[in-house]
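K.L.:
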Amino acid sequence: MIGIKYDSEYFEGITAPYIDWVAGGNFDGYLIQKSLIFRELDNKVELHSKVINAKRYDGNVSDTVLTGHYLETEKETLKLSFADFEMRGKILGDNEDIIAFSVWGKTLKKNEVYKINE
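Residue numbering for the sequence shown follows my numbering, beginning at 1052 and increasing consecutively.
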C-alpha cells in the first residue's frame, strides 16, 4: 500500500503558465498554484488550479478543479488519469510528503512536484 495521505492537499510551487513581454518590457501574464487532493472513496483525485495573481494579465483566467481517477500500481507508483492527460508519480521524502510526477498528453510533456504543507 502506497502512503497516500487522503483528504490532504499536496501543493505544487507557484508557476507562471503564461508570460508575455509586450511593448518593450511590460509584463502580461498570471500566476497559479496547483494542488492535488486524493479521495479514498472511488479512487478519485482532484487537481485544483488557483489563480494567485492575474492583475497584469490581459486575458481571462479563473480557478479550476479537474476530477480524475488514480491507480496504485504494483511498482508502488501512482497513475492519475484526467480527460486530456495522465500523470505517473512516486511518493518520496522521509515523511512520504512529496510526490514527483511525469505529466503527458497529446500536446503536453513535463514534470511536476507536489508537497504536503504540514
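We treat Cβ as the ideally placed atom computed from N, Cα and C, and that holds for glycine.
If you draw a straight line from the C-alpha of S1113 to the C-alpha of V1096, how long is it?
P.N.:
20 Å
K.L.:
Does D1148 come out as helix, strand or coil in the three-state DSSP assignment?
P.N.:
coil
K.L.:
For the stretch 1100 to 1112 against the stretch 1121 to 1130, are there 3 or more C-beta pairs whose distance is under 8 Å?
P.N.:
no
K.L.:
State whether the stretch 1150 to 1166 contacts the stretch 1056 to 1070, with contact taken as three or more CB pairs (one from each stretch) at a distance under 8 Å.
P.N.:
yes
K.L.:
Quick check on N1104: does DSSP put it in helix, strand or coil?
P.N.:
strand
K.L.:
Quick check on F1078: buried or exposed, where buried means 16 or more other Cβ atoms within 10 Å of its Cβ?
P.N.:
With fewer than 16 other Cβ atoms from the protein chains shown falling within 10 Å of its own Cβ, F1078 counts as exposed.
K.L.:
With C-beta atoms as the reference, is I1083 less than 7 Å away from V1102?
P.N.:
Yes.
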